[in-house]
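Everything on this sheet refers to the single structure shown next.
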């Protein structure tokens, strides 16, 4: 093979490898950017689960308890204030905030293992409801920050 052809082959190989690597590097972030498919799991909650009401929705201390649990168990992936990260989606988006509390509870209980969301069924039920209270409160925090702008 003559020198110009070898240089072309080598350059093409490097370009292909760098494009492939760049695509793989962006893949985790892309997976969660506005991806409706990420939030589709909420719609998979059975009707019976969606119909469940949060028994702690009127308990003002449940949000604080949920915040503590969130910091211990969830913030590593979902970010300190639920804004999402390369590992997990935002919990402040409309899809989550409009979801029935029972659907969120169902996701917490069953996880979404193929996407890396662990099963939290061993967490006592009242604590899972506290997490639901905190997640729902993230929506009102987002609305308050938008109103201040």
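In this note's numbering, the protein residues as written are 67 to 215.
All C-beta atoms, glycine included, are put in the ideal place defined by N, C-alpha and C.
Given the structure is predicted, the values throughout are model-derived calculations rather than measurements.
Distance from the CA atom of residue 123 to the CA atom of residue 152, rounded to whole angstroms, is 30 Å.
Cβ-Cβ separation between residue 165 and residue 115: approximately 11 Å, too far for a contact (criterion under 8 Å). Shown here, residue 104 sits in a helix according to DSSP, grouped into three states. Secondary structure of residue 178 (DSSP, three-state): strand.
Note that the C-beta distance between residue 173 and residue 113 is not below 9 Å. Counting only runs that start and end inside the segment 119 to 153, the alpha helix (DSSP H) elements of at least 4 residues fall at 126 to 139, 141 to 144.
Restricting attention to 128, 117, 120, the CA atom closest to the CA of residue 200 is found in 128. The beta carbon of residue 184 sits closer than 8 Å to the beta carbons of 177 from its chain, once the five residues preceding and following it are set aside; these are given in chain order.
Annotated as distal: residue 140 and residue 204, with beta-carbon spacing of 9 Å or more.
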